[in-house]
Each structure stands twice: as C-alpha cells, then as structure tokens.
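Peer 1:
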Amino acid sequence: MQVHFWGTRGSIPSTFPHSRIPVKLREALKRSRNHDLSTDTAIDQFINELPFDVRGTYGTNTSCVEIRGGNAHIVCDCGSGLRDFGGYILGKYHTTSQEYHIFMSHYHWDHIMGFPFFVPAYIPGNVIHIYGCHDNNKFAFQRQQEQPSFPVPMSIMGARIEFHRLEPDQSYEIAGCVVTPKKQNHPGAAYGYRFEKDNQTIVYSTDSEHTPESNNDDYPFLDFFRNADVLIFDAQYELFEHIETKSNWGHSSNVVGVDLAIRSGVKRLCIFHNEHTANDTTLEKFKEETINYLNISNENYPLEVIVSYDGLTIDCSKPNVPSKPKPFEQNQEEELV
Ligand SMILES: [Zn+2]
Ligand SMILES: [Zn+2]
C-alpha cells in the first residue's frame, strides 16, 4: 500500500503569503554562495539539497488522504485537498467511470469543504461510497450544499453517491482492504480508520485528543495503532501549548504521538492536521523538536518521524528511515521569518 497526502492542514486552509517567497529566495541565494551553478544539473542538485522549508512548502489544503493499493480509489476525508485529488483523477482516467470509497472521520467543515469541488461527483457513471460512523453522514453533506451556503445542491451531482453507516471496532472488507473504524475523543466524536492489506497497515487517526489515560497499559489505541507501517496522527500542537491552553480542543501533541507510536510498535509517525497558523519554518522546527524528543525518550527505537505535507507519498513496501537529530551546527541556521 501507499499513502498520498492531498491535504494536511487542520481546521482551515492555510495561506501562503507572497511575502514568504522573497524570504525563501533570499535564503536559497545565500546558500548558493561558493557553489558552481553554471549548469542546469548543478542547479537541480543544489535545489534538491536545500532544506525542505526553503525549497518547498508544507502546503495549504485541509484533510484529504488517499490510500493506494486497493481495488478502487480509497480516500480519507473530504477537506479542500479533495479538489486536487479530483483533478489528478480526471487527468489520469479522463471521463471513464471510477469507483470511490471515502471514509469520513467526522463532519467538521475542514473535513467536508472539498466535496462541492470534487469534479468526479458531477460525472454520471462514477460511483462514490461515503462511509462514516455518525448518524448524520448524509445530512452533513447535503446541508453544506444548500442555499444560502452553496449554489449547487447535491441532488444535481451526476455520480451515484451512496452513504454507509459503519460500526466502530468492527472490521469490514472494502475495496480490497480490511478497514476497522475507532471512536476518538473529539467534540462531537471523530473516527479513525485502520487499513490492512498484504501484511501492511496504515492508520488514519485525525481529530483525536489523547488525555492522560493514554499512559495506561490497556489504553485501547495501543492496539488500534499496533505495528502500523504508517500512523497518520493528529499532532496539531506542541505539548506545552496543548496542556496550557488547548486541552479539550480535540487534538493532540507531537510528544504524545511519539510516546504512543513507540509503545504500539509503529514504523512511521506521520504528523498530520498541521496547525494552520504555522509557516514552513515553524513546521520544520516542529519536526526537529519531535525528533529531538524521540531521541531523548528512546534513542534506540527505529521510528521515522514525518511531518506530512500536501503532495507527500509514502510507500509501505519500502523500509522506514529512522529519524535522528540534526548535528548541532545545522540547527543553528539563521531563521526564516
Ligand atoms: Zn479537523
Ligand atoms: Zn474536528
């Protein structure tokens, strides 16, 4: 299986102000001193070696994750990233009929806002299955497209759209995967999904707050995350921020993510639902701090820490690359403001 991230931001799409571009350019040019960039190949190599926050961006879209490797298209959540997923599918398959299986964590706006812009939903012949554990699955989608919120009602969409209610803690065989939902602590409840296929496991667990009971040995999420190749984990906050001001907001911290990943035997901790006010430099720092915490708490555990970004693909068949802290000097680079 593979996982591809179309949207990784939490709560609301994040802006990428034009003022950030000269900052990145300036940093890249500073780093180019003493490099021979006289050929295109040398330029490409130089760009590839720049830090991620200088050469790239963590992206702007809200939650939308594609699980690849099943019999049909499998998607988690319909945040604004769903629009880009739809564009990708249309470019790849043109107008031929496709089948989609969409698993909904919950119906907060950042997780449904992409659906009205999901072009395959307007094309007759396509079939879209939408799964969730809440009672109001269909209602939440319909209401978003009613007047005065949106001009096009769902009834006009040409695809066949079917809603399915799932029970938490029960396993289902859907699109070639075994899928198990789990109820999570979040205002109004949110559900995580464990996907298993060919001895590989991907767990999608966003909008989930882990309280101090997560320290218990019988904490149920340990089994839910057990031996996952990829754990997609809501770590919108730092630990201090979570405890001091944002407890009961329904999200977790990077520190809790590392602890649970280690105790569950996870290979890759993929931080998700990224804070929408955090810029690329902030998220890069957040990643380094998370790796530093891993090193302090259990430096021998081979966990790969990833901060997800729009466009990231992870292949479960490849070995993970355990994360190690950067050498001290490299942490002292001048900050991008
Ligand atoms: Zn959310
Ligand atoms: Zn939410």
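In numbering that gives the first Met the number 0, the protein residues as written are 0 to 336. Glycine included, C-beta positions come from ideal geometry on N, C-alpha and C.
Ordered along the chain, which non-local residues of its own chain (more than five positions away) have a Cβ less than 7 angstroms from that of Gly187?
Peer 2: If we look at Gly187 and ignore the five residues flanking it on each side, its Cβ neighbours are His105.
Peer 1: Would you say the beta carbon of His163 comes nearer than 7 angstroms to a heavy atom of ligand 1?
Peer 2: It does not: the Cβ of His163 is nowhere closer than 7 angstroms to a heavy atom of ligand 1.
Peer 1: Less than 8 angstroms between the CB atoms is what I'm expecting for Asp233 and Thr205, so what's the real figure, rounded?
Peer 2: With 8 angstroms as the limit, Asp233 and Thr205 qualify as a contact, their Cβ atoms being about 4 angstroms apart.
Peer 1: Helix, strand or coil for Val229, going by three-state DSSP, please let me know.
Peer 2: Strand at Val229.
Peer 1: Is it a yes or a no for the segment 107 to 120 touching the segment 68 to 84, going by three-plus beta-carbon pairs under 8 angstroms?
Peer 2: Because the criterion of three Cβ pairs below 8 angstroms is met, the segment 107 to 120 and the segment 68 to 84 touch.
Peer 1: Need the endpoints of the beta strand (DSSP E) that Lys91 sits in, please.
Peer 2: Premise fails: Lys91 lies in the alpha helix (DSSP H), 80 to 92, not in any beta strand (DSSP E).
Peer 1: Which same chain residues, not among the five before or five after Gly131, have their C-beta less than 6 angstroms away from its C-beta?
Peer 2: Excluding positions up to five away in sequence, the list reads Met103.
Peer 1: Return the CA-CA distance between Ser322 and Phe194, expressed in angstroms with no decimal places.
Peer 2: One C-alpha to the other measures close to 24 angstroms.
Peer 1: According to DSSP, Tyr196 sits in a beta bridge with which residue or residues?
Peer 2: Note on identity: in this sequence residue 196 is Lys, with Tyr being the wrong assignment. Its beta-bridge partners are Gln199.
Peer 1: Report yes or no: do the segment 33 to 45 and the segment 139 to 148 share at least 3 C-beta pairs separated by less than 8 angstroms?
Peer 2: No, the segment 33 to 45 is not in contact with the segment 139 to 148.
Peer 1: May I have the straight-line CA-CA distance separating Glu298 from Val64, to the nearest angstrom?
Peer 2: Straight-line Cα distance between these residues: approximately 30 angstroms.
Peer 1: Once DSSP output is grouped into helix, strand and coil, what is the label at Pro324?
Peer 2: Coil at Pro324, not helix or strand.
Peer 1: Using three-state DSSP, classify Pro50 as helix, strand or coil.
Peer 2: Residue state, collapsed to three classes: coil.
Peer 1: Would you kindly report the start and end of the unbroken alpha helix (DSSP H) that includes Phe223?
Peer 2: From DSSP, the alpha helix (DSSP H) with Phe223 extends over 219 to 224.
Peer 1: Ends of the beta strand (DSSP E) at Phe4?
Peer 2: Per DSSP, Phe4 belongs to the beta strand (DSSP E) from 1 to 6.
Peer 1: With the cut-off set at 8 angstroms, would you say Ser251 and Glu208 are in Cβ contact?
Peer 2: In this structure, Glu208 lies closer than 8 angstroms to Ser251 by Cβ.
Peer 1: Run the Cβ filter for me: residues under 7 angstroms from any heavy atom of ligand 2, listed in the order they occur in the chain.
Peer 2: Residues with a Cβ closer than 7 angstroms to any heavy atom of ligand 2, in chain order: His105, His107, Asp109, His110, His185, Pro186, Ala189, Asp206, Gly249.
Peer 1: So for Thr40, helix, strand or coil by DSSP?
Peer 2: Helix, per DSSP.
Peer 1: Assuming Ile46 and His275 make a contact with CB atoms under 8 angstroms, what is their CB distance in whole Å?
Peer 2: Actually they are not in contact, since the Cβ atoms of Ile46 and His275 sit about 27 angstroms apart, beyond 8 angstroms.
Peer 1: I think Cys315 touches Val229, with their Cβ atoms under 8 angstroms apart; what is that distance to the nearest whole Å?
Peer 2: Right, the Cβ-Cβ distance comes to about 6 angstroms (below 8 angstroms), so this counts as a contact.
Peer 1: Taking only the alpha-carbon atoms, compute the straight-line gap between Val53 and Glu166 and give it to the nearest angstrom.
Peer 2: Going from the Cα of Val53 to the Cα of Glu166 covers about 44 angstroms.
Peer 1: So, helix, strand or coil for Glu172, using DSSP?
Peer 2: Here Glu172 sits in strand by DSSP.
Peer 1: With Val118 as the anchor, note down where its beta strand (DSSP E) starts and where it stops.
Peer 2: No beta strand (DSSP E) contains Val118, which DSSP labels as neither H nor E.
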